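For reference, the structure discussed in these notes is given below.
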DNA sequence: TCTGGGGTCCTAGGACCC
DNA sequence: TCTGGGGTCCTAGGACCC
């Protein structure tokens with residue numbers, strides 16, 4: 013047994029909701045919603061809330077009215093807490109096998125190929141250890157490809173008889189076919205709400221039917237992406253594990269405003285702040301950007317006048333200097349701005365990202381200015397790491413930020429801030 | 001009154017060149 | 001009147017993911 017490729021997908025159940033519960037036992041057993049920035053809509057749900065039929069992305073204001081009567085609680089999202097809990101979980105998972113891909117904040121692939129112990133036993137150990145050290149519940153799915161591991165994980169989460177861990181290798185061929193025929197296409201990794209109906213038109217409505225489809229035909233009808241999905245369902249691993257996260261090709265920073273913004277000055281402040289955030293991320297991965305994008309938009313909802321626009325511009329030479337990036341972004345914003353609209357959101361993106369080492373600058377770029385800039389940016393980042401995000405900033409970022417987002421139900425940063433750490437008293 | 005944010009990959013079609 | 005064919009590069013848009 014245990015020959016050939018075996019990939020596990022470990023996924024924390026209801027991750028954000030589970031994190032909140034670890035630190036606040038009063039939240040146990042009740043329908044709990046985690047809200048997006050600005051407390052806009054529901055981005056994570058406890059099992060109880062899912063059972064009530066509340067959908068992902070539902071606007072909170074629609075839910076709020078009856079929340080109290082139905083016993084629904086809501087929390088603003090607390091990314092510092094979730095990221096820290098995620099780091100702990102990922103570290104434990106990495107102890108179980110040498111090849112791990114951290115796929116998202118709450119999911120990790122792990123290569124179990126060649127491990128002699130029964131893989132289901134390994135998975136059950138993993139669950140127990142994560143529960144013991146972090147308090148978080150996880151499920152594990154295993155199969156010969158990433159797509160099948162995802163699918164097994166989905167089943168392990170829905171069907172309690174597997175005890176939170178399912179290895180597709182252990183199913184008989186007929187049992188596997190039964191299982192696959194019970195999975196709708198929409199629930200397969202890589203198939204979303206647009207493609208599922210198109211598959212349906214071709215008479216393909218479940219995972220078994222898609223697995224039996226001709227990969228070449230699927231490629232013609234759709235694309236190489238879905239062709240890979242078919243092959244992966246057949247047990248052929250086409251999507252490799254990526255141990256080291258590749259550097260980002262694009263870095264985006266954007267936010268909806270807490271209140272609508274009309275004037276250019278407030279837009280300038282917000283764009284400056286988002287660009288400062290993006291530039292810091294850029295430097296953290298030791299890269300330069302060759303181009304940038306700025307966008308602004310009004311709300312797409314309601315009857316008010318609508319305007320949305322974005323512009324990209326190439327930089328004269330690649331840079332990671334916040335001052336330069338903000339300067340260009342504000343110039344671009346000036347081109348985009350139209351008075352007379354209630355703006356909802358602005359954002360920036362850094363594009364054409366390349367490694368900082370060995371970059372050519374423009375013909376004037378090799379002067380002492382570059383080194384000075386690097387020193388200044390290092391200092392800026394160091395101060396902000398030590399004293400807190402945004403303590404040191406450019407004047408264009410403003411001070412009052414009347415447009416800043418709302419977060420009315422935020423939990424403490426229990427694990428990352430000494431002021432908010434949990435103290436147990438007798 | 002109130003509707004998230006941050007990513008990736010693929011394809012079609014236009015511009016342009018010879 | 002007749003109005004090729006092939007290649008490359010870029011961009012916008014569509015689709016997906018969490």
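Numbering (the numbering used here), first residue to last: 13 to 438. Glycine is no exception: its CB is placed at the ideal position from the N, C-alpha and C atoms. Note that the structure is predicted; figures quoted are calculated from it, not measured.
Please classify residue 26: is it buried, with 16 or more other beta-carbons within 10 angstroms of its beta-carbon, or exposed? Position 14 of the first chain, counted from the first residue, corresponds to residue 26. When all chains shown are included, residue 26 counts as buried.
Since residue 54 is in the beta strand (DSSP E), which residue starts that stretch and which ends it? Indexing the first chain from 1 puts residue 54 at position 42. First-last of the beta strand (DSSP E) with residue 54: 54-57.
On the DSSP letters alone, give me the boundaries of the beta strand (DSSP E) that residue 323 sits inside. For this step, residue 323 is matched to residue 311 along the first chain. Residues 320-331.
Looking at the unbroken alpha helix (DSSP H) that takes in residue 449, where does it start and where does it end? Outside the displayed span of the chain (13 to 438) sits residue 449, for which this structure offers no information.
Rounded C-alpha distance that separates residue 368 from residue 114: Indexing the first chain from 1 puts residue 368 at position 356. Indexing the first chain from 1 puts residue 114 at position 102. Cα to Cα, residue 368 sits roughly 25 Å from residue 114.
On the DSSP bridge assignment, give the partners of residue 134 in chain order. Working through the first chain from its first residue, we reach residue 134 at position 122. According to DSSP, residue 134 bridges with nothing at all.
Per DSSP, which one or two residues make a beta bridge with residue 310? One-based indexing of the first chain puts residue 310 at position 298. DSSP output for residue 310 lists 355 as bridge partner(s).
Spatial neighbours of residue 23 in its chain, beta-carbon cut-off 7 Å, leaving aside the 5 residues before and after: In the first chain, the residue the question calls residue 23 occupies position 11. Once the five neighbours on either side are set aside, the close Cβ partners of residue 23 are 118, 119, 150, 151, 165.
In chain order, each beta strand (DSSP E) run of at least 3 residues that lies wholly inside the region 90-153: You should have 112-116, 119-123.
Report buried or exposed for residue 235, applying the criterion of at least 16 other Cβ atoms within 10 angstroms of its Cβ. Within the first chain, residue 235 is the residue found at index 223, counting from 1. By the 10 Å Cβ count, residue 235 comes out exposed.
Distance between beta carbons of residue 108 and residue 253, contact taken as under 8 Å: Residue numbering aside, residue 253 sits at position 241 when the first chain is read from its first letter. Residue numbering aside, residue 108 sits at position 96 when the first chain is read from its first letter. About 14 Å; that fails the 8 Å criterion.
Can the beta-carbon of residue 243 be found less than 8 Å from the beta-carbon of residue 310? Counting from one through the first chain, the residue named residue 243 turns up at place 231. Counting from one through the first chain, the residue named residue 310 turns up at place 298. No; because the gap between Cβ atoms is not below 8 Å, this pair is not in contact.
Within 10 Å of its beta-carbon, does residue 430 have 16 or more other beta-carbons around it, so buried, or fewer, so exposed? Within the first chain, numbered from 1, the residue matching residue 430 stands at position 418. With fewer than 16 other Cβ atoms within 10 Å, it is exposed.
Close-in-space but distant-in-sequence residues of the same chain around residue 12 (CB under 7 Å, 5 per side omitted): Here the chain has residues from 13 to 438 only, and residue 12 is not among them.
Secondary structure at residue 184, three-state DSSP: helix, strand or coil? Within the first chain, the letter at position 172 stands for residue 184. Coil, per DSSP.
On the CB-based measure, 16 or more other CB atoms within 10 Å of its CB, does residue 434 come out buried or exposed? Residue 434 sits at position 422 when you count from the first residue of the first chain. Exposed.
Simplified DSSP assignment, three categories, for residue 218: Working through the first chain from its first residue, we reach residue 218 at position 206. Correct three-state label for residue 218: strand.
For residue 86, tell me which candidate among 194, 96, 75, 360 has the shortest Cα-Cα distance. Position 74 of the first chain, counted from the start, is the residue given in the question as residue 86. Closest option to residue 86, Cα to Cα, is 75.
Which term fits residue 159, buried or exposed, when burial requires 16 or more other beta carbons within 10 angstroms of its beta carbon? Stepping through the first chain from its first residue, residue 159 is reached at position 147. Under the 10 Å beta carbon count, residue 159 is surrounded by 16 or more other beta carbons and is classified as buried.
What does a CB cutoff of less than 7 Å around residue 419 pick up in its chain, not counting 5 residues either side in sequence? Position 407 of the first chain, counted from the start, is the residue given in the question as residue 419. Excluding positions up to five away in sequence, the list reads 51, 88.
If we call anything under 8 Å between Cβ atoms a contact, is residue 342 one with residue 280? One-based indexing of the first chain puts residue 342 at position 330. One-based indexing of the first chain puts residue 280 at position 268. Yes, they are a contact pair.
Where residue 324 and residue 303 are concerned, what is the direct C-alpha to C-alpha distance, given to the nearest angstrom? Mapped onto the first chain, residue 324 falls at position 312. Mapped onto the first chain, residue 303 falls at position 291. Going by the C-alpha atoms only, they are around 7 Å apart.
Nearest residue (CA-CA) to residue 178, options 308, 186, 167: Counting from one through the first chain, the residue named residue 178 turns up at place 166. If we check each option's Cα against that of residue 178, 167 comes out closest.
DSSP three-state call for residue 251: helix, strand or coil? For this step, residue 251 is matched to residue 239 along the first chain. If DSSP states are grouped into helix, strand and coil, residue 251 belongs with coil.
Please determine if the region 333-351 and the region 380-397 are in contact, where contact requires at least 3 C-beta pairs separated by less than 8 Å. Contact holds between the region 333-351 and the region 380-397, because three or more Cβ pairs, one in each stretch, are under 8 Å apart.
In angstroms, rounded to a whole number, what distance separates the CA positions of residue 219 and residue 66? The count along the first chain starts at 1 and reaches residue 219 at position 207. The count along the first chain starts at 1 and reaches residue 66 at position 54. Whole-angstrom Cα-Cα distance: 26 Å.
Identify the residues that DSSP records as bridge partners of residue 71: which are they? The sequence position of residue 71 within the first chain is 59, counting from 1. Answer by DSSP bridge pairing, in chain order: 53.
Rounded separation between residue 274 and residue 282 - CA only: Reading the first chain from its first residue, position 262 is the one you call residue 274. Reading the first chain from its first residue, position 270 is the one you call residue 282. Computed Cα separation, rounded: 12 Å.
Boundaries (first-last residue) of the beta strand (DSSP E) holding residue 88: Your numbering for residue 88 matches position 76 in the first chain. First-last of the beta strand (DSSP E) with residue 88: 85-88.
Kindly list the residues whose CB is nearer than 7 Å to the CB of residue 69, restricted to its own chain and excluding five residues on each side of it in sequence; keep chain order. Residue 69 sits at position 57 when you count from the first residue of the first chain. Result list for residue 69: 53, 54, in chain order.
Could you check the C-alpha separation between residue 217 and residue 208 for me, to the nearest Å? As a first step, residue 217 is located in the first chain; it is residue number 205 there, counting from the start. As a first step, residue 208 is located in the first chain; it is residue number 196 there, counting from the start. Rounded to whole angstroms, residue 217 to residue 208 spans 8 Å at the Cα level.
How far does the alpha helix (DSSP H) with residue 283 in it reach, from first residue to last? For the purposes of this step, residue 283 is identified with residue 271 of the first chain, where counting begins at 1. It spans 276-296 - the alpha helix (DSSP H) in which residue 283 sits, taken as one unbroken run.
Taking buried to mean at least 16 other C-beta atoms within 10 Å of its own C-beta, is residue 130 buried or exposed? Mapped onto the first chain, residue 130 falls at position 118. Result: exposed.
Assuming residue 273 is part of the beta strand (DSSP E), what are its boundary residues? For the purposes of this step, residue 273 is taken as the residue at position 261 of the first chain. First-last of the beta strand (DSSP E) with residue 273: 263-273.
Quick one: measure Cβ to Cβ for residue 44 and residue 32, integer angstroms, because I've assumed they're closer than 8 Å. Position 32 of the first chain holds residue 44. Position 20 of the first chain holds residue 32. Yes, residue 44 and residue 32 are in contact; Cβ-Cβ is about 7 Å, under 8 Å.
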